[in-house]
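Notes follow the structure.
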Amino acid sequence: MSDLLELSLSAAASGCIYALVALAYLLMIRPTGIINFAVGEWAMVGAFGGFLLLSKLEWPYPLGMAALLGFMLLVGWATERIAVRPLVERGAPLLAPILALLGMLVVFRESISLGFGPDPHQVPEAVGFEHLKYFTIGATLAVFAAVWLFFETTLWGKSFEAVSLNRRAAALMGIDLSRVTAVSFAGGAAAAGLAGLLVAPNTSAHYLMGVPLAIQGFTALVIGGVGRVEGALLGGMLVAFAEQLTVRYAPLPSGYAQGVPLLLLMLFLLVRPTGLLRPRA
Amino acid sequence: MRTFIIAMAAALFCAAAGAQETIKIGVITDKVGPAKPYSEPTLEGILFGAEEINRAGGVLGRKLELLIEDDQGRPDISATMARKLVDAGAVFILSITLTPATQQQQNVTLEAKTPQMTPMNSGDTLTTQLANPYFWQTGPLGSIQIATLLSHARAKQLKRVALITDNSDLGQLLGKFFRAGLEKSGIEVVAEEVVARGATTAEPQMQKIRAAKPEAMFMAGVLTPENVLILRAYRQMGLKFPIHSSYNLSVPQYMSVAKGLLNGITFVDAYDPDKPEVKKFEADYRKATGKLPYNIHGYGYDGIKMVAEAIRKAGSTDKEKIRAAMQSLSYSGVMGAKGMKYVFPEGKRAGFDPNGMVVRVYEGDKQGRVVHVGQK
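Spelled out as structure tokens, the structure:
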């Protein structure tokens, strides 16, 4: 029983990381329809930002965290300006920015690899290691609560909702589509960067950490559902629990158990492509 | 104007003539893929060694010229790179990329009868899957690593152990050799776990290992972040059984990314800091680059030195003569225990002495003393 409790805490903390990456996808997909697979690399940038500010420059954690989130907002905004907006303004099909963002994935990874080298770097935790999981869970819940309130209670949130329902109608109603897109990318980058910062004390910051996070986050998004913020959290938790409980208790070699989340992904895509939580009518 | 053109043409002719004088050595490395953390310091060691050789007058009175290609750790690209280097006139190819990529290059080097060596790959199958008399391997084999670790652990009379690795190609391969070595010694593997690349925790795997109550745990993984996850879970769970690790824990990055997690862990290494050759290498490298090298640099340094020695011994750049010289080489380098020589007995193309590895122990967060040598 104590094993199960210990594992539940570990899975909840991992689930929060996946949920934040899923949230990053969701913030961009809802208003734009663009799947940005570079979110994993944004998480990597967040982890390296943590290394630079907290390990190298030794800034106090709250200050470093705030500076990093501010920087990630800029990264997301700049990515949208460079890789997405020019294509959208020229009327390119939806696939074009998705491919351009795949190119950005390589740009981010190689820039970090050149700047910091191939070796992993240590990132300090906000609290002692024994409390790190609680901090990760708390920070994630706070972010999800804030995003949920943003969508549910603010005019800005409603304009996001309107754009996701019908871009053309939203534009006719006077909503600035470019601004909504830019803010969605900025928010996505901040969520992904936070995931990187939170996971890095465990995994260290390294240049190949992005793609696995992008895959787990995408799986969480598909399972939870693209339509609702809570779906990303639910999906993240389900992926992490499925992953860790299978490794621990399933009568399978742990090498095979790693495929379970991907099986879930395929199952959901086939049987329930809208995910567990459907969008509100 | 006419004089200027004649002078330029003469300069270009001299440069071309000079270029023809070099001996071209191909290097296939991984600059962006998963082998990069190993390939990069190995390449630095090769560059430093080539520079040292050229400063001393080169080989057969000719300078070495390195032709460096990046295969991204991809076997499909790697064979093409080998072909490109053969076509560019490389008389020897050094492969410092992933094991499967090195394997793939052999199809080209066998067909083109071009000598090829990997100074860092440790997969046992590289010299056994294909009968390629033009290929040599000088990195310590996975089977030597486990045999050395077991020889150290044998004194502790182990009966039940756990084995943990990662899902990288090399991690899986080493895991296989570790398991075979353990079973051959009559030691039962009571739990065998894999931590996937990109995992965020190793707690489920370590819980299973804890439940199996092993007397010791062997780590065969080669991915640093995943190994740190294992060590973190081990410490957080308060586990006490000893850990014996593959050479991966010998890279110095652990001292910074796994602070507070390392004390008492033994690891196999091919680098003895007390060896006179190592002391000289470290001093020379530091003087030339301002940086302190570590064991991985030594693999590249020894590799290029052996290539130069084989060409010198062959007395020409004829590939067949170089092949024969390489096969009969006996070379004492930076890597390996004190007194170790790389040799290639007839029919063998893996040159690392089975008794050439050492076992070291972490003392606090520092890589400490040698506690065991070889397999005896």
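Protein sequences, first through last, are from chains A and B.
Our numbering puts the first residue of the first sequence at 3, with every later residue one more than the last.
Our numbering puts the first residue of the second sequence at 37, with every later residue one more than the last.
Ideal Cβ placement from N, Cα and C applies to all residues, glycine included.
None of the values given here were measured: they were computed from a predicted structure.
C-beta contact flag for residue i and residue j at 8 Å
| i | j | result |
| --- | --- | --- |
| B/G62 | B/L121 | yes |
| A/A202 | A/A49 | yes |
| B/P381 | A/Q246 | no |
| A/G277 | A/G227 | yes |
| B/Q266 | B/L96 | In the sequence under discussion, the amino acid at residue 266 of chain B is Ile, which differs from the Gln named in the question. Against a cut-off of 8 Å, the Cβ pair of B/L96 and B/I266 comes out as no contact. |
| B/V264 | A/S206 | yes |
| B/V197 | B/E262 | no |
| B/D308 | B/V225 | no |
| A/S180 | B/T237 | no |
| A/L21 | A/G238 | In the sequence as presented, Leu is not what sits at residue 21 of chain A; that position holds Ala. In this structure, A/G238 lies closer than 8 Å to A/A21 by Cβ. |
| A/L67 | A/A191 | For the sequence presented, residue 67 of chain A should be read as Met rather than Leu. No, the Cβ-Cβ distance between A/M67 and A/A191 is not below 8 Å. |
| B/G392 | B/A306 | yes |
| B/S282 | B/M255 | yes |
| A/Q124 | B/K295 | yes |
| B/Q30 | B/P169 | Since the first residue of chain B shown is 37 and the last is 412, residue 30 of chain B is not available in this structure. |
| B/T78 | B/M156 | yes |
Straight-line gap, residue i to residue j (C-alpha atoms, nearest Å)
| i | j | result |
| --- | --- | --- |
| A/H23 | A/R280 | According to the sequence shown, residue 23 of chain A is Val rather than His. Each residue's alpha carbon lies about 19 Å from the other. |
| B/A52 | B/G300 | A caution first: B/A52 carries a pLDDT of 42, below 50, which makes its placement in the model too unreliable to give a value. |
| B/I129 | B/A360 | 15 Å |
| A/L7 | A/A13 | 10 Å |
| B/F40 | A/I100 | Reliability of the predicted coordinates at B/F40 is poor, the pLDDT of 40 falling under 50, and no value is obtained from them. |
| B/G175 | B/A373 | 13 Å |
| A/L200 | A/L143 | 13 Å |
| B/S114 | B/D160 | 19 Å |
| A/V47 | B/M342 | 41 Å |
| B/T353 | B/I59 | 8 Å |
| A/D5 | A/T248 | 14 Å |
| A/F153 | A/F162 | 8 Å |
| B/G400 | B/Y290 | 12 Å |
| B/G217 | B/S204 | 20 Å |
| B/G336 | A/P33 | 52 Å |
| A/L196 | A/A184 | 18 Å |
| B/G339 | B/F388 | 12 Å |
| A/F243 | A/A147 | 22 Å |
| A/L71 | B/P70 | 29 Å |
| A/L151 | A/N38 | 24 Å |
| A/S10 | A/T138 | 14 Å |
Coarse secondary structure for residue i, derived from DSSP in three states
| i | result |
| --- | --- |
| B/Y307 | strand |
| B/T154 | strand |
| B/S131 | strand |
| B/A227 | strand |
| A/S113 | helix |
| B/Q140 | helix |
| B/L100 | strand |
| B/T353 | coil |
| B/Q302 | Checking the sequence shown, residue 302 of chain B turns out to be Thr, not Gln. Note: B/T302 maps to strand in three-state DSSP. |
| A/M211 | coil |
| B/M253 | strand |
| B/F171 | strand |
| B/D320 | helix |
| B/T161 | helix |
| A/E60 | coil |
| B/K412 | coil |
| A/D121 | coil |
| B/E105 | strand |
| B/S281 | strand |
| B/I42 | Residue placement at B/I42 cannot be trusted, given a pLDDT of 47 that sits under 50; what the coordinates show is reported in the next sentence. DSSP places B/I42 in helix when its eight states are reduced to three. |
| B/V407 | strand |
| A/F50 | helix |
Contact list for residue i against chain D, beta-carbon separation under 7 Å
| i | result |
| --- | --- |
| B/Q241 | The chain labelled as chain D is not found among the protein chains of the depicted structure, namely A and B. |
Minimum length 4: unbroken alpha helix (DSSP H) runs contained in the segment 361-405 of chain B: When DSSP assignments are scanned along the segment 361-405 of chain B, no uninterrupted stretch of alpha helix (DSSP H) that is 4 or more residues long falls wholly within it.
Contact set between the segment 67-78 of chain B and chain A, restricted to residues whose Cβ is under 7 Å from the partner: Along the segment 67-78 of chain B, going in chain order, the ones with a CB nearer than 7 Å to a CB of chain A are V68, P70, K72, P73 and E76.
Members of the segment 227-239 of chain A near chain B, C-beta cut-off 9 Å: With the criterion set as a beta carbon lying under 9 Å from some beta carbon of chain B, the segment 227-239 of chain A has no members that meet it.
Cβ-based contacts, 9 Å cut-off: residues of the segment 310-330 of chain B near chain A: Within the segment 310-330 of chain B, no residue qualifies.
Residues, ordered as in the chain, of the segment 226-239 of chain B that lie near chain A by beta-carbon distance below 9 Å: So the close ones are E228, E229, V230, V231, A232, R233, G234, A235, T236, T237 and E239.
Those runs of the alpha helix (DSSP H) which lie wholly inside the segment 176-235 of chain B and span at least 4 residues: If we require 4 residues or more, the alpha helix (DSSP H) runs fully inside the segment 176-235 of chain B come out as 178-189 and 205-220.
Interface residues of the segment 92-113 of chain A facing chain B [CB-CB below 9 Å]: Of all residues in the segment 92-113 of chain A, V108, R111 and E112 have a Cβ within less than 9 Å of some Cβ in chain B.
Uninterrupted alpha helix (DSSP H) stretches inside the segment 180-236 of chain A (no shorter than 4 residues): Listed in chain order, the alpha helix (DSSP H) elements of length 4 or more contained wholly in the segment 180-236 of chain A are 212-226.
Contacting positions in the segment 23-53 of chain A - beta carbon closer than 7 Å to chain B: Taking 7 Å as the Cβ-Cβ cut-off against chain B, none of the residues of the segment 23-53 of chain A qualify.
Contact list for the segment 114-131 of chain A against chain B, Cβ threshold 8 Å: If the cut-off is 8 Å between Cβ atoms, the segment 114-131 of chain A has S115, G119, P120, D121, P122, H123, Q124 and F131 near chain B.
Chain A contacts from the segment 98-123 of chain B (Cβ-Cβ distance under 7 Å): Answer in chain order: no residues at all.
Completely contained alpha helix (DSSP H) runs for the segment 57-102 of chain B, where each covers 4 or more residues: If only complete runs of 4 or more residues are kept, the segment 57-102 of chain B shows the alpha helix (DSSP H) at 72-91, in order along the chain.
Near-chain A residues of the segment 180-211 of chain B (beta-carbon distance less than 7 Å), N- to C-terminal order: Hits within the stretch, in order: N203.
Residue ranges of each alpha helix (DSSP H) within the segment 242-275 of chain A, 4 or longer: As far as the segment 242-275 of chain A is concerned, its whole alpha helix (DSSP H) runs of at least 4 residues are 256-259 and 262-273.
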